[in-house]
Each structure stands twice: as C-alpha cells, then as structure tokens.
Amino acid sequence: MERDLLFSAQEPQNATSAGSNIPEYSVGAISSAIKRVLEGSFGRVRVRGEITEMKRYASGHIYLSLKDEGGKIAGVIWRGNASRLGMVPENGTEVIATGRISSYGERSSYQLIIERMEFAGEGAMLARIEALRVRLRDEGLFAPERKKPIPSLPHRVGVITSRSGAVLHDICTTIARRFPREILLWPVAVQGEGAAQQIAHAVKAMGQLPHPPDVLIVARGGGSLEDLMAFNDEAVVRAVAACPLPVISAVGHETDTTLVDYAADRRAPTPTAAAEMAVPVRSELVADLAHRAARLSSGLVGILQKQSLQLQAMAARMLDLPSLLDTARMRLDDRAQRLELALPGFVMRARARLGEAAFHLPAMETVLGQRHRLLEGQAGRLQAGWERFWQGCQMRLMRMPLQIGVIQGQCAVQRERLVGVARHLEAVSPRAVLERGYVLVQDAKGRPVTHAAALPQGGAVQLAFADGARQAKLEPNEGGKKRHRKGRVVHETAATPPEADNKSQGELAL
C-alpha cells in the first residue's frame, strides 16, 4: 500500500537489474512523490512555536524557524503574504502560524509555507506589550511634561476611527448635543492587516494639514486583545507621542488599556467620554457666562457706590471755594489801599535821603578846579617832552649830510672794485674766446671734451659757437686734412697730442 501511495503515478525509469525485483527510481521522482504526500496529507495546518533564525531578504521574502521543546520546523513567508500577515514577526516571539506543509527537493527538507500569523495566547501578547511599554517609558514618551493641554473650546475636532460603526455616531451626536463644532474625519481600519500603518499615517497627516484641527480623538469600540493590537503597535504609539496636536485616546471600553492611552495627552474611557472632553456643554457655558456677567455687574455697582461715597467724603472735607475767593478779594483790596497810602510817604523818604546825600557831596567848582590843575600839569610835562624830542630830531638831521657823504664815498669805492672784477671776468670769459673763432665741444651730458680719445668714433657732441650751438658727430680723420663732403665742412678740433702721433684724429660732422 505504501508503494501505491508513493509511486502510483511514477513508473520505473530503468529495467530491474538481474537477480532483483526492486525497481529503480530517480531522485526527482521520489522528491516529487514525497511533496505530493506531504501536501495531500496535511493541507492547511496551524503550528505553534517560538520564532527563531528569522531573516528578511531584499526580495521581501522572510525565512524563519518555529521551535518548541520537541523540535524545529523551517518556515517561509512569501513577499505577497508578508504585508497581509497580521503582525510583525520577531525572534523570540511565540506565535501560531497558519499555512501548508511543503518540501524542498533540492535540499531534501520540508518547510511550512506561512500565510497568517498571530500571537500564541494572551499571555504572550501581554508580555510583548509590557516589554514595549517599559521600553517606550524609559525613552520618555509617557512623561507627564510632554502632555499638552486640551483647548477649552476648539473650533474643529479631528477624529481618527472607522467610518462604519457606532463610535463615529456616538462622537458626532455627543458633540452636536453639547456644542456643535466642525468634525474632521480621517477614516482608517481599526483592526486587522494594515490597521496600524493606517492609524500612524492618519495621526501624522492630521498634524501636517494646512488647517489642522484643534484637538484630535483616536477612537474605536471594544473588542478582544487581538482586536486592539493595532493600538499597541510601536509605530502608532510613536506617532501619537510626536503629534503636535492635543490627542484624546478612546480605545475600547473603560477596562481596556492600550499603549496609545499612555502616549495620548488625555485618556477617555469611552468614545462618548472623549467627545465630552473635547467640547464643553453650551448650556453650561451660557449659564456660566450669565453668572459671571451678574457677578461682574454686581461688582461694578459695588465699586461705583464705594467710589461715590469716597467722593462725597472728599467733597465734605474740601473748603468752600466762594468763601476762599471772597477772602482773597478782600485781602487784595486792603493791600491796594495800604499801597496807595504808603507810596507818597515812600517818595518823601527817598527824596529826603537824596537831599542828605547831595549835602555830603563836594562842590562842583572844587572838583572841576582839581581836574583843571591835573590837566595843566599833564600838559606841561607833555610840552617839555615834545620840545626835547624835537631838539633831538634837529640834531640828527644836522648830522645826516655827513653820514650821506661817507656812504657815497663807500659806494664809489665799491663801484670801482666791481668794474675791475667785471673787466677781469670779461678777460677770462669763454664767450670772449668764442668771439675770436674758437668752439666749445661738449658731450651728450654737457661735459667739455678736451681730448680726442675721450669719445668713440661716431659719438654725438655739441658745438657751442658765439651765436649758438650745433649738434655734431665724430667721424675718422684721414691725415688731419680739411675736406669738403657733400656740402659739409670738417674742421680739426685740436692738434694731435704727442702720445697719439700715429693715431688719426676724429672728424666733426656738422
């Protein structure tokens, strides 16, 4: 029967060897038969074990093993099933994997093709949630100082929940009943595959809207621990903690607690309670405003009465202004009358003091006589001084002709000396020599040339005549003779020095 089960669809590939009735089969045939037996016998199975040796490849496939005390089985999650798995597999997590058994003939191994995975019991899930809570708490995501206050009267309320269900209805009716506000809904899946990613994305997107809501409610109805696992996801918790908006969590019933409740700014036991936290009761606000207005009016009346009493008391303590003016007017009249009576007496006393002072003054004739005598004395001294000055000037004028004669004699002597010096300079002047037919030869820098060898042949010189200067150029002189060249006259500049008897003197070309 086993032979029929394993090899009913396969025929032997080779003839049996001599002396044996055992047929021969290929390795591929046996592997295919084993694969058919495994897949046909087991079908879909649920395997419970701890994840180990998990590897995620760039292609998206996940390879892992499930183990327990009795053994270990290899497993694979294809890329298409990885996104719909329902959880994120991690090493050391006890799970229940649902899939089918298959074999891999090239390695002679069997494996579990995993299609779905869930945590193995509430104990394992609670332990995982607790470990994540402790880690996030240590990072400070649940710190009280991170909590943001809820606005007392928001203009817009954001809600992240499922579009279908009683949660959205309860929140809308509660807000409409208490204080109608604008509600901005971001529908998401609250359980199942991809729910955590949708919730985290919705929380981040709400805070980045151009006109975000003033408060955000993350809510869902009650359910089992598996149903609430999306709100225990690390990505969702971090998104809620990092949200710039005040967040109210309303997940499950009052006894249900998720990690989002720790990260949110306020926790509501139910979605209805979350709506009550978000908006106040309008009637209560109106009543409170009326009560405050009444208290304000009463306080204002009391303040006015108190200020009126104080004003009356101050007015009673003030003096009578008309009486003060009458008194001042009478005092002014009295002072004016006394002034009229006192002014003539003051003038008389001043005139008496003036007459007494005039009596003590010296007579005018006496003062003028003293000043006249003083002026006469000054005039006499001035006349005597002027006469002495005039006599001195006359004496100096009388001596002046003698001094002029001395000066004229000195000038004649100096003139004679100057004439002699001029004659001497005229005698030794180079211009007088030039007038006699001589020429002064100078080089390009204006220095006189006294030797023929002082300048090279072809050198430029300047010839200074009595009536002007000309430029010339030295040329060789053959025999020292005077020659005529194309209208040019060449002269010898000097006699050939004894030490240059055998050398030709240079010529001057004008």
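Residue numbers for the sequence shown follow UniProt numbering, so the first one is 1 and each next one is one higher.
Just so you know, even glycine gets a beta-carbon here, dropped at the ideal spot from N, CA and C.
What's the gap between the Cα of Arg84 and the Cα of Ala290?
57 Å
Note down the Cα distance separating Gln208 from Pro244, rounded to an integer number of angstroms.
9 Å
Using a 10 Å radius around the Cβ and a threshold of 16 neighbouring Cβ atoms, would you call Ala176 buried or exposed?
exposed
Only counting runs of 4 or more residues, tell me where the alpha helix (DSSP H) segments fall wholly within the segment 132-159, in order along the chain.
none
Opposing strand residues paired with Met49 [DSSP bridges]:
Just to set this straight, residue 49 is Gly in the shown sequence, not Met. Val95.
Go through its chain and collect everything with a Cβ distance to Gln10's Cβ below 6 Å, but skip five positions before and after it.
Unreliable placement is indicated for Gln10, whose pLDDT of 46 sits below 50; the coordinate value is still reported in the next sentence. Closer than 6 Å at the Cβ level, and outside the excluded window around Gln10, lie Ala29.
Going by the beta-carbon positions, is the gap between Ile199 and Val236 smaller than 8 Å?
yes
Exposure label - Ile51; buried when at least 16 CB within 10 Å
buried
Using DSSP with H/G/I as helix, E/B as strand and the rest coil, what is Tyr262?
helix
Which listed residue (Leu440, Arg156, Phe231 and Tyr104) has its alpha carbon closest to that of Val190:
Phe231
Should Gln394 go down as buried or exposed, given a rule of 16 or more other Cβ atoms within 10 Å for buried?
exposed
Roughly how many whole angstroms lie between the Cα atoms of Val188 and Val218?
10 Å
Among the residues of its own chain, which have a CB less than 7 Å from the CB of Lys204, if the five just before and after it don't count?
Ala239
How would you write the range of the alpha helix (DSSP H) that Leu285 sits in, first residue to last?
Arg282 to Arg317
Given Asn81, which residues of its chain have a CB within under 6 Å of its CB, disregarding the five upstream and five downstream residues?
Glu115
Determine the burial state of Met330: buried for a count of at least 16 other Cβ atoms within 10 Å of its Cβ, exposed for fewer.
exposed
Nearest-angstrom Cα separation, counted from Ile101 out to Val45
8 Å
Nearest residue (CA-CA) to His451, options Ala460, Val441 and Lys445
Val441
Evaluate the contact criterion for the segment 133-151 versus the segment 258-265: three or more CB pairs, one atom per stretch, below 8 Å.
yes
Residue range of the alpha helix (DSSP H) that Leu325 falls in?
Leu321 to His360
What would DSSP say about Pro271, mapped onto helix, strand or coil?
helix
What's the C-alpha gap between Leu321 and Thr327?
10 Å
Just verifying my parser: in three-state terms, what is the DSSP assignment at Phe119?
strand
Nearest to Glu118 by CA position, among Glu193, Glu106 and Ser108, is which residue?
Glu193
DSSP bridge partner residues for Gly75 (one or two, in chain order)
Leu64 and Leu112
Arg423, enclosing beta strand (DSSP E) - first and last residue
First-last for Arg423: Met364 to Val428, but that is the alpha helix (DSSP H), not the beta strand (DSSP E).
Measuring straight from C-alpha to C-alpha, what distance separates Ile73 and Arg36?
18 Å
Have a look at Arg447 and Val461 and give me their C-alpha separation to the nearest angstrom.
10 Å
Starting from Arg220, trace the beta strand (DSSP E) in both directions and tell me its first and last residue.
Val215 to Arg220
Leu434 and Ala466 closer than 8 Å at C-beta
yes
Excluding the five sequence neighbours on either side, which residues of its own chain have a C-beta within less than 7 Å of the C-beta of Arg485, listed in chain order?
The pLDDT assigned to Arg485 is 41, lower than 50, so where the model puts this residue is not dependable, and the model offers no usable value.
Which of helix, strand or coil DSSP assigns to Gly194
coil
State the beta-bridge partners of Leu225 as determined by DSSP.
Note: Leu225 sits in no beta bridge, so no partner.
Under 8 Å between C-beta atoms of Arg128 and Val281:
no
Beta carbon of Leu463 nearer than 8 Å to that of Ala454:
no
Can you give me the C-alpha to C-alpha distance between Ser224 and Thr255, rounded to a whole angstrom?
11 Å
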